[in-house]
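Participant: Counting from 1, one number per residue, gives the positions in the sequence shown under UniProt numbering.
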Amino acid sequence: MGNPSNRIVGFDIARALAILGMVMVNYKLALDAVGNGPNWLVISSDLLEGRASAIFVILAGIGTALMTKKARVTKDPSLIMETRRIIWKRSLFLLGLGMVLYFIGWDADILHYYAFYMLVASFFIVVTNRSLLFTIIGVLLTSQLFQLIFDYTQGWDANFQSYESFWSPDGFVRNLFLNGYHPLFPWICFFLFGMWLGRLNWKDRSLRRKLMGTALVVVLVVEWLSYSLIVFTKPILGTEIARYLFQTKPMPPTLLYMVSSACTALIVILLCIRLSEKIRERWVTKLFEYTGQLALTHYVGHFFVLLLLFLFGYLNHSFTLSVAMGASFGFFIVAMIGSYAWRSFFSRGPIEWMMRKVSENWVGTHQAEQKL
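(1) Tell me whether the beta-carbon of residue 273 lies closer than 9 angstroms to the beta-carbon of residue 18.
(2) May I have the straight-line CA-CA distance separating residue 68 from residue 125, to the nearest angstrom?
(3) Would you call the CB atoms of residue 264 and residue 276 closer than 9 angstroms?
(4) Are the beta-carbon atoms of residue 16 and residue 289 separated by less than 9 angstroms?
(5) Mind checking whether residue 355 and residue 7 have CB atoms under 9 angstroms apart?
(6) Strictly by DSSP, which residues pair up with residue 156?
(7) In its own chain, which residues sit with a C-beta less than 7 angstroms from the C-beta of residue 36, not counting the 5 before and 5 after it?
(8) Alpha carbon to alpha carbon, how far is residue 324 from residue 33?
(9) Rounded to the nearest angstrom, what separates residue 249 and residue 44 at their Cα positions?
(10) Quick one: Cα of residue 137 to Cα of residue 341, how far?
(11) To which residues of the same chain is residue 368 closer than 8 angstroms at the C-beta, ignoring the five residues directly before and after it?
(12) Per DSSP, what kind of secondary structure is residue 350 in: helix, strand or coil?
(13) Any idea if residue 326 is buried or exposed, counting beta-carbon neighbours within 10 angstroms, 16 or more meaning buried?
(14) Given a threshold of 16 other Cβ atoms within 10 Å of its Cβ, counted over all protein chains shown, does residue 336 qualify as buried or as exposed?
(15) Hey, would you say residue 54 sits closer than 9 angstroms to residue 190, going by beta carbons?
(16) Determine whether the beta carbon atoms of residue 52 and residue 20 lie at a separation below 9 angstroms.
(17) Measure from the alpha carbon of residue 50 to the alpha carbon of each residue in 131, 260, 196, then state which is nearest.
(18) Between residue 119 and residue 87, is the Cβ-Cβ spacing less than 9 angstroms?
(19) Quick one, which of 347, 245, 215 has its alpha-carbon nearest residue 146's?
(20) In the DSSP assignment, the alpha helix (DSSP H) including residue 108 goes from what residue to what residue?
(21) If we ignore side chains and look at the alpha-carbon of each, how far apart do residue 109 and residue 93 end up?
(22) Count the other C-beta atoms from every protein chain shown that fall within 10 angstroms of the C-beta of residue 339, then say buried if there are 16 or more, exposed otherwise.
(23) Is it the case that the stretch 297-305 contacts the stretch 100-115, given that we only count it when at least three CB pairs across the two stretches are under 8 angstroms?
(24) To the nearest angstrom, how far is it from the Cα of residue 22 to the Cα of residue 305?
(25) Between the alpha carbons of residue 281 and residue 252, how many angstroms are there, rounded?
(26) Buried or exposed, going by whether 16 or more other CB atoms sit within 10 Å of the CB of residue 213?
(27) The alpha helix (DSSP H) with residue 192 in it runs from where to where?
(28) Would you report the Cα separation of residue 174 and residue 331, rounded to the nearest angstrom?
(29) Helix, strand or coil for residue 125 per DSSP?
(30) What is the DSSP secondary structure of residue 281, reduced to helix, strand or coil?
(31) Helix, strand or coil: how does DSSP classify residue 117 here?
(32) For residue 342, name the three-state secondary structure that DSSP assigns.
(33) For the alpha helix (DSSP H) containing residue 72, list its first residue and its last residue.
(34) Rounded to whole angstroms, what's the CA-CA distance from residue 226 to residue 255? Just pull it up for me.
(35) Given a threshold of 16 other Cβ atoms within 10 Å of its Cβ, counted over all protein chains shown, does residue 314 qualify as buried or as exposed?
(36) Could you please give the first and the last residue of the uninterrupted alpha helix (DSSP H) stretch that includes residue 17?
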């Protein structure tokens, strides 16, 4: 796994927590447990929506920046092209895997979106930090405009659970770019923001403190602004339109949601890095570290658990939020134990290994990858 001292374990821990959050959100939806529980649990589970997956995507962007550092620094054309080919191969692998999951029933799949994030990001691996930030701003503003111009509900069923026109050419493109669960406009911004973060010196504690302070202030300001705008515009626009424009929930992914979620994700990542530095050698740290390293495997695995439950007839009725959250933590505990056992014998998870094999002929990037 490379030199342990070079690896930023906090990234792995944050990735593990992102998987836990995504499982909690997905199991809540799959078990039809939305709103079916005490208020504190309903509110807590709602807060995870769109936040855990944002951490997942931002970490992917950070990983891409670390992986492509040599190509970016040297500006070697052949190395840049080889690095892009590796990203394209991984993108193709994730697209295939995501489409298989979608085909067999996982409508909330993020992997096929992830594949396109990587494809787009491959053309940004050597651009300047300033260009990255300007691109993010441009995409965010364009996305907000698209939400005003286009019908965000087009293609969805009445319950907003299934995208009925997904398999048609225009439906697929619309879902991918505009109004799917994680559309490129604006979700690609999370990935690009991660790439920008991945270029920073994460060993610099002073820088991390500045990032933490800034992120905290921005989250508080944005959430206050969201609340204030909704309250102020409700009498004029109506409650539904006011929330559509100014809420900080993931559907639709408004400008305020994107900024708030990006900063929330950054706070979680920074806390995980700090925690990992304090208790790096503890066994519990290893459990989270290894679980994060097998995140892709666990993402696929959590769906197949649902598939088995469906095949055996256990998903024919609604469940409470307590059951959904209990199932989520149960899966995560098994995932942690399984990760620890697996990593005792293998350096990568099974899905991670397959993706690695698809993108073999590694050129000059494996050392940077070990840091993530």
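From the three backbone atoms N, C-alpha and C, an ideal C-beta is built for every residue, glycine too.
Facilitator: Let me spell this out:
(1) No; because the gap between Cβ atoms is not below 9 angstroms, this pair is not in contact.
(2) 7 angstroms
(3) no
(4) Between residue 16 and residue 289, the CB-CB gap stays under 9 angstroms.
(5) no
(6) 163
(7) Correct list, in chain order: 318, 320, 321.
(8) 7 angstroms
(9) 13 angstroms
(10) 43 angstroms
(11) With a pLDDT of 43 at residue 368, under the threshold of 50, the modelled position of that residue is not reliable, and the figure given next carries that caveat. Excluding positions up to five away in sequence, the list reads 66, 67, 68, 69, 70.
(12) helix
(13) exposed
(14) Of the residues assessed, residue 336 falls on the buried side of the cut-off, its CB having 16 or more other CB atoms within 10 angstroms.
(15) yes
(16) yes
(17) 260
(18) yes
(19) For the residues 347, 245, 215, the minimum Cα distance to residue 146 belongs to 245.
(20) From DSSP, residue 108 is part of no alpha helix (DSSP H); its letter is neither H nor E.
(21) 14 angstroms
(22) Flag for residue 339 reads buried.
(23) yes
(24) 14 angstroms
(25) Taking the straight line from one Cα to the other gives about 42 angstroms.
(26) Residue 213 comes out exposed.
(27) 184-198
(28) Approximately 33 angstroms, taken between the alpha carbons.
(29) coil
(30) coil
(31) helix
(32) If DSSP states are grouped into helix, strand and coil, residue 342 belongs with the helices.
(33) 69-74
(34) 10 angstroms
(35) exposed
(36) Per DSSP, residue 17 belongs to the alpha helix (DSSP H) from 9-30.
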